[in-house]
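Protein chains in written order, with our numbering: chain A, 1 to 148; chain B, 1001 to 1148. All residues carry an ideal CB built from backbone N, CA and C; glycine is no exception. Here's the structure we're looking at; comments come further down.
Protein chains: 2
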Amino acid sequence: MTNNDLSYGMLDKMVGLELRKAQSLAAQTFLQVLGGRILPGHFTILILIANNPGQSQSRIAKAAGLDRSSLVPVLKQFEKDDLINRVSARNDRRSKTMTITSSGKKFIKKYTGEIQKLEDTLIEGLGKDNHAKLSELLIQLQELLKKR
Amino acid sequence: MTNNDLSYGMLDKMVGLELRKAQSLAAQTFLQVLGGRILPGHFTILILIANNPGQSQSRIAKAAGLDRSSLVPVLKQFEKDDLINRVSARNDRRSKTMTITSSGKKFIKKYTGEIQKLEDTLIEGLGKDNHAKLSELLIQLQELLKKR
DNA sequence: AGAAAATAGTTTGACATCAAACATTATTTT
DNA sequence: AAAATAATGTTTGATGTCAAACTATTTTCT
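Right under this line is the structure:
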């Protein structure tokens, strides 16, 4: 039997605990959907660049919930794979503005269907209202945590 | 201005994205509460051992949402810090059963108040019902993801 | 009973992430 | 205008985690 009946004691039903477990499982599942070719968080970076052309690395990093420095090797690889372009910003020579390439767009398009399908199973499994409520609460939670 | 008005495109409000961002923030906040002395996930391991004495490493790992192998260095450190005891199980010489020490109990007790206080601010911020709903949905989500 | 498969804990190697320190460029202060 | 402060991208070092391979045991199968 693989029945998991351990007690979490004081941590029982605390959001931090459930968040970590849920996130771990979700990341694993999304990674499968992405064919193991790109990490969920890295896919997010790509999407952010595609939807917000001309933004700086710092802005993208912040939106992705990652450290600036963590982006560097990822972007380097994206560039090497011809998924994005990076050029020094005219007005600020420290910054580099980034844009998606046509290959990048193709790459994204390749997985959008599967990702949406996965999300649809979550919507179906939780119920539409609950799914919406869950993202809403997660966003609200982020607001709360940012304020501390 | 630090206004974060980037578009997440197709990922907007997807649970995977919000989960990852929320989890990152929560882990950071809990780490602060724990005085930077122990990672949230490691504290969970300790709590699990305290509340489920005599369990094997594998069971604890699973309940904590971590890989078996990830536990090894953590437990080694816990042992060195006299927070837990590990002894070979009588009935299964592969297994090691673990118990919390009195120092371990003290360690837990030291942070219980602060952790509960943090959770209380989340309950207050989200509203009691929403907080309960959030953990419930996170648990439900885990069930869904495990079934895939 | 003996062989085969499964399980527990561990080690090793790869990699993602963060934090701090750094150089360069912008902005703010004086 | 000069000096101090802040911001951007980067490098480096440390650490946590996973996955795969390994040993030792246990369980299952025949």
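Looking at the unbroken beta strand (DSSP E) that takes in residue i, where does it start and where does it end?
i: residue 1146 (chain B); result: No beta strand (DSSP E) contains residue 1146 (chain B), which is instead part of the alpha helix (DSSP H) from 1128 to 1146.
Following the continuous alpha helix (DSSP H) through residue i, name the residue where it begins and the one where it ends.
i: residue 1049 (chain B); result: 1040 to 1051
i: residue 1020 (chain B); result: 1015 to 1033
i: residue 1057 (chain B); result: 1057 to 1064
Pop quiz: residue i and residue j are said to be a contact at Cβ under 8 Å. What is the actual Cβ separation, rounded to whole angstroms?
i: residue 26 (chain A); j: residue 1019 (chain B); result: 5 Å
i: residue 1051 (chain B); j: residue 111 (chain A); result: About 41 Å separates the two Cβ atoms, so there is no contact after all.
i: residue 134 (chain A); j: residue 141 (chain A); result: With 8 Å as the limit, residue 134 (chain A) and residue 141 (chain A) do not qualify as a contact, their Cβ atoms being about 10 Å apart.
i: residue 1063 (chain B); j: residue 1046 (chain B); result: Wrong, their Cβ atoms sit about 12 Å apart, outside the cutoff.
Please compile the residues from chain B whose C-beta is within a distance smaller than 8 Å of the C-beta of residue i.
i: residue 15 (chain A); result: 1026, 1119, 1122, 1131, 1134, 1135 and 1138
Could you list which residues in chain A have their beta carbon closer than 7 Å to that of residue i, in chain order?
i: residue 1052 (chain B); result: 6 and 7
i: residue 1057 (chain B); result: Going along chain A, no residue has its Cβ under 7 Å from residue 1057 (chain B), so there is no contact; the nearest lies around 12 Å.
i: residue 1018 (chain B); result: 135, 138 and 139
i: residue 1125 (chain B); result: 144
i: residue 1044 (chain B); result: 11 and 17
Which bits of chain A does residue i rub up against, with CB to CB less than 9 Å?
i: residue 1040 (chain B); result: 16, 17 and 20
i: residue 1075 (chain B); result: Within chain A, no residue comes near residue 1075 (chain B); the closest Cβ sits about 16 Å away, beyond 9 Å.
i: residue 1112 (chain B); result: 10
Nearest to residue i by alpha carbon, out of the options?
i: residue 1106 (chain B); options: B:1064, B:1081 and B:1094; result: B:1081
i: residue 83 (chain A); options: A:138, A:103, A:76 and A:90; result: A:103
i: residue 117 (chain A); options: A:14, A:32 and A:15; result: A:32
i: residue 56 (chain A); options: A:30, A:75 and A:13; result: A:75
i: residue 1023 (chain B); options: A:60, A:88, A:66 and A:98; result: A:66
i: residue 16 (chain A); options: B:1068, B:1039, B:1017 and B:1070; result: B:1039
i: residue 144 (chain A); options: B:1146, B:1136, B:1122 and B:1132; result: B:1122
i: residue 114 (chain A); options: A:29, A:132 and A:92; result: A:29
Identify the contact partners of residue i in chain B, using a Cβ-Cβ distance below 7 Å as the criterion.
i: residue 148 (chain A); result: 1029
i: residue 101 (chain A); result: In chain order: nothing, as chain B lies at least about 16 Å away.
Since residue i meets chain A, which of its residues come closer than 8 Å, beta carbon to beta carbon?
i: residue 1047 (chain B); result: 8, 9, 10 and 11
Exercise. In chain order, which continuous runs of the beta strand (DSSP E) of length 3 or greater are located wholly inside the segment 1081 to 1114 of chain B?
Worked result: Runs of the beta strand (DSSP E) inside the segment 1081 to 1114 of chain B: 1084 to 1088 and 1096 to 1100.
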